[in-house]
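For reference, the structure is listed below as structure tokens.
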Amino acid sequence: MKKLLTLAIAVLSAAHFSYAQKWTVDDVVNQESLSDAIFSDDNNLVAWVKRRPAPDKDSFVSDIYLTRLNSKDKDGNFKTVQLTRGDDSESNPVFSADGEIIYFLSSKAKGKNLWAMSLLGGEAS
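Numbers given in this note's numbering equal positions in the sequence shown, counted from 1, plus 124.
Following this line, the structure appears as structure tokens:
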């Protein structure tokens with residue numbers, strides 16, 4: 125339960141919400157969502173997937189984000205970085221045993237679904 129509460133706080137503090145007086149059909153259909161949240165073994169990191177609309181493709185794409193629960197920015201929000209971006213979808217992040225690599229599934233290349241990315245920086249391979 126504590127992990128779930130921590131995740132909710134991390135996500136809410138990382139997001140910037142603007143409240144409209146009235147929701148339209150497009151607002152509901154094009155809603156962003158969070159899924160596949162996973163904590164590192166030391167509970168200092170949360171990897172999660174953000175699903176967002178891709179109107180040019182008439183579909184949705186998913187990107188992986190990393191939130192550091194042991195580090196806050198000047199506004200007091202947990203530091204969050206987007207690890208993947210583009211027109212491909214990534215999902216199912218998993219931390220390596222040593223916590224230095226994140227593995228995930230991607231639609232980036234046919235035939236290669238499992239990718240790895242160092243949390244120290246660099247490109248996925």
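Beta carbons are placed, not taken as given, at the ideal position from N, Cα and C, and that holds for glycine.
Computed from a predicted model, the values in this text were never measured in an experiment.
Secondary structure in the segment 210–240: the beta strand (DSSP E) runs of 3 residues or longer, each lying completely within the stretch, are 214–219, 225–233 in chain order. Of the candidates Glu-224, Trp-172, Lys-146, Ser-220, Glu-224 places its Cα closest to the Cα of Leu-244.
Distance from the CA of Glu-247 to the CA of Ser-159, rounded to the nearest whole angstrom, comes to 23 Å. In this structure Glu-156 is exposed. Its beta-carbon is surrounded by fewer than 16 other beta-carbon atoms within 10 angstroms. Closest by C-alpha distance to Phe-163, out of Trp-147, Pro-179, Ile-226, is Ile-226. Counting along the chain, Asp-187 sits inside the beta strand (DSSP E) bounded by residues 183–196.
Distance check between Trp-172 and each of Gln-206, Ala-240, Asn-201 places Gln-206 closest, using alpha-carbon atoms only.
By the beta-carbon neighbour count (other beta carbons within 10 angstroms, threshold 16), Leu-238 is exposed. Using a Cβ distance threshold of 9 Å, Ala-178 and Val-170 do not count as a contacting pair. Trp-172 is bridged by DSSP to Tyr-189.
When secondary structure is reduced to three states using DSSP, Asp-151 falls in the helix class.
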